[in-house]
Amino acid sequence: MQKVSLQLTLPNQLTLLRIALTPVFAYLLLSESSLNRQLSLLVFVIAALTDWYDGWFARKFGDTSRWGKFLDPLADKILSSVALLVYVQLGLVDGWMVWIVIIRDFLITGLRSYAEYKDQPIVTSKTAQAKTFGQFVVVYYILILYVARSVPLIYSEWGSTIITLMHPLVLFGMMLTVTFSTVGTGIAYLFDNRKFLRELYASIRSGRD
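Below is the structure:
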């Protein structure tokens, strides 16, 4: 077992930037200003690009660290979770589904971090990767349409299409699909890696005794 050091490599700095941009994105999207809402989309895209670039840089130059392996997926979950919570605040999606997704994501992220700490990293399954991709598709779908709706020039031309694409039943169906896939992959993760759950539980119990 290796000690985790707080190495501020370029990939780790980009990951921290992604976390720092998250509240900025939330503030701008919740604003009544059309300009701020448009800026929120830009901030979100920049934050998402840091995820791609820090991963590419780390693989290209071998600039990886255990701290980065822990922080990077956590930053992703923070960004996507805050986006979904903002959608709840805006009345676009139901809170109960969002909380199921968030609790599952952070539970699995914690389990993966513990496995990484034990030098036994968990390999992400294809279904889990598909779930993550689908979740970000929904996040982008809602964000782009919501921002487009607040731009008079776009709304005057495509208003009826935007209204149709953002119909409550459409958004409900998309979020319900994400929720079911989230629960399904979460159960599979916990079952396949139940030994880590037992070890983690035993570690917590021994720490209390």
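Following this note's numbering, the numbering of the sequence shown begins with 10 at its first residue and continues without gaps. Positions of the beta carbon are idealized from the N, C-alpha and C atoms, including for glycine.
Separation of residue j from residue i, as counted between CA atoms
i	j	result
residue 197	residue 167	42 angstroms
residue 95	residue 205	33 angstroms
residue 31	residue 50	11 angstroms
residue 9	residue 156	Outside the displayed span of the chain (10 to 218) sits residue 9, for which this structure offers no information.
residue 208	residue 193	23 angstroms
residue 225	residue 169	Nothing about residue 225 can be read from this structure; the chain reaches only from 10 to 218.
residue 159	residue 99	13 angstroms
residue 103	residue 69	40 angstroms
residue 55	residue 22	14 angstroms
residue 188	residue 43	30 angstroms
Cβ-based burial, residue i [other Cβ within 10 Å; buried from 16]
i	result
residue 212	exposed
residue 144	buried
residue 165	exposed
residue 195	buried
residue 59	buried
residue 12	Bear in mind that a pLDDT of 47 at residue 12, under 50, signals an unreliable position, so the number given afterwards is only what the model happens to contain. Exposed.
residue 46	buried
residue 142	exposed
residue 146	exposed
Residue i, enclosing alpha helix (DSSP H) - first and last residue
i	result
residue 166	161 to 174
residue 37	19 to 39
residue 190	177 to 201
Any chance the segment 120 to 127 sits against the segment 173 to 186, with 3 or more Cβ pairs inside 8 angstroms? no
Are three or more beta carbon pairs between the segment 19 to 36 and the segment 126 to 136 nearer than 8 angstroms? Too few Cβ pairs lie closer than 8 angstroms, so no.
With contact counted as at least three CB pairs below 8 angstroms, one residue from each stretch, are the segment 109 to 121 and the segment 84 to 93 in contact? yes
Pick out the complete alpha helix (DSSP H) segments inside the segment 118 to 158, 4 residues or longer, and give them in chain order. Counting whole runs of 4 or more residues, the segment 118 to 158 contains the alpha helix (DSSP H) stretches 135 to 158.
Along the chain, which unbroken stretches of the alpha helix (DSSP H) at least 4 residues long are found entirely within the segment 58 to 108? 75 to 98
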